[in-house]
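Our numbering puts the first residue of the sequence shown at 122, with every later residue one more than the last.
Notes to accompany the following structure.
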Amino acid sequence: MIGNDIIDLALAKKESNWKRRGFLDKLFTPNEQLYILNSDDPETAVWNLWSRKEACYKIYNRQTNIRGFIPLRLECFDIESKEGIIHGIVVCYDTTYYTQTTINSEFVETNALLHPIFFYKIKTLSSSEQLIKTNELPFYYDLINKILNPASKSHHGKFERIISF
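This is the structure:
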């Protein structure tokens, strides 16, 4: 299982007022809010956590076929930041998802998996034309191995990422 999310930071800054009353309470647990408010860059911390939740929600939805607004059921924990990548976990109910998040001045991008040993197998696809939808879920047809692999697509503002194995 695979999920991803990308956030255009310029667009997020323009369209979202994360400081408005109730915003953090609606999306983030008390521990996550503490992480945001104690961060050197609270705005980027908001989008870091949100991106991780969105990427993991895509896996949760694929696993359960349940759609819903559950950001408080997805709680982020950081493991470590190494070579510009934040390696973390997100817990949703009894399931742990593993995330890798890249943050730069333009975007926040997260890839999520059920097993961290497979991060090295993630590949970025060049276009949606490589995707096949089955039951509204995206898959990538691997011509070499002749199998369907789960895929995930995210777009926000001027950025789009499509990933698979």
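Every residue gets a Cβ at the ideal spot worked out from N, C-alpha and C, and that includes glycine.
As the structure is a computational prediction, the values presented were derived from the model and not from experiment.
The three-state reading of DSSP puts I253 in strand, counting E and B together. In the three-state DSSP reduction, R141 falls in the coil class, being neither helix nor strand. With a threshold of 16 other beta carbon atoms within 10 Å, K267 falls short and is exposed. Q221 has H208 and N232 as its beta-bridge partners, per DSSP. Rounded to whole angstroms, the Cβ separation of S172 and D126 is 4 Å, and the two are in contact under 8 Å. Within 10 angstroms of the beta-carbon of P151 lie fewer than 16 other beta-carbons, which makes it exposed. Under the DSSP assignment, P259 falls in the beta strand (DSSP E) whose first and last residues are L258 to D263. Taking C-alpha positions only, D215 is separated from S137 by approximately 31 Å. Non-local beta-carbon contacts of C177 in its own chain, meaning distances under 8 Å to residues more than five positions away in sequence, involve G124, L195, V211, C213, Y218, T220 and A233 in chain order. Secondary structure in the segment 130 to 204: the alpha helix (DSSP H) runs of 4 residues or longer, each lying completely within the stretch, are 130 to 136, 144 to 148, 151 to 158 and 163 to 185 in chain order.
Per the coordinates, the alpha-carbon of R183 lies some 16 Å from the alpha-carbon of P192. Each residue's CA atom was taken as its position, placing T231 and Y262 some 22 Å apart.
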